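Since the structure comes first, as structure tokens, the remarks are kept for the end.
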Ligand code: E4P
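Residue numbers (the numbering used here): 74 to 290.
Listed below in structure tokens is the structure:
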């Protein structure tokens with residue numbers, strides 16, 4: 074399972090990239106707003122730090138304008154993945170960009186039928202938002218399960234990129250289903266490494282080691 078960081082914060086991206094655990098980055102207009110940075114500049118910077126795909130989202134709502142924006146965004150790095158909303162215009166743009174060999178991430182997916190359309194449009198990634206579904210009392214993870222079944226039934230190559238991930242349980246559930254990617258805030262990626270017994274065990278080992286009076290170096 075690949076891990077993408079869902080952020081436009083350069084310091085966090087560098088930090089995670091240094092661990093070797095980061096496979097890509099996703100951004101959206103809200104994350105760009107939060108960063109306070111210029112969109113094109115920050116995407117160019119992220120694309121230079123990360124080897125894997127960096128999703129940059131169009132803000133146009135009509136196909137022709139989406140194509141024009143994609144033209145600008147794809148020049149920001151060899152690893153740019155064009156993020157498109159799950160609308161008919163977004164799907165049409167997805168199909169056209171796929172035909173040009175450009176990576177696409179179809180976002181704002183909230184139903185299995187939407188995911189089916191994205192796969193038919195040749196999307197590289199589909200982004201179902203689990204947290205936002207949970208927020209309104211629906212089961213976000215059930216959607217991931219449905220999409221996995223449908224994609225496997227037809228051998229679709231579109232990768233399931235679980236988005237709107239809020240906590241480590243989402244990651245565990247998505248991994249058990251066989252989702253291809255999870256994109257999450259840096260804090261959630263880091264939280265995956267935490268366990269109280271790890272901290273307690275390490276403290277005991279270090280204290281006992283000190284008592285031996287030895288050193289390795
Ligand atoms: C992913 O591509 C989305 O931008 C993101 O995961 C949305 O998460 P949120 O629901 O926490 O805003």
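Note that beta-carbon positions come from the ideal geometry of N, C-alpha and C, so glycine has one too. From a predicted model like this one, the values you see are computed outputs, not experimental measurements.
As a quick exercise: from 152, 268, 199 and 158, pick the residue whose alpha carbon is nearest that of residue 136. 158
Residue interval of the beta strand (DSSP E) (run including residue 22): Only positions 74 to 290 of the chain appear in the structure, and residue 22 is not among them; the question remains open.
Can we count residue 125 as close to the ligand E4P, meaning its CB is less than 6 Å from some heavy atom? no
Whole-Å CB distance - residue 178 paired with residue 237, under 8 Å assumed: 14 Å between Cβ atoms; not a contact.
Just tell me which of 104, 262, 241 and 118 has its CA closest to the CA of residue 148. 118
Taking Cβ to Cβ, would you say residue 154 is nearer than 7 Å to residue 196? no
Straight-line CA distance for residue 125 to residue 254? 12 Å
How many angstroms separate the CA atom of residue 277 from the CA atom of residue 268? 15 Å
By Cβ distance below 8 Å, which residues in the same chain neighbour residue 209 in space, the five residues on each side in sequence not counted? none
Starting from the C-beta of residue 198, find all residues in its chain whose C-beta is less than 6 Å away, skip the five residues before and the five after it, and write them out in chain order. 178, 232 and 234
In this structure, how does DSSP classify residue 173 when only helix, strand and coil are distinguished? coil
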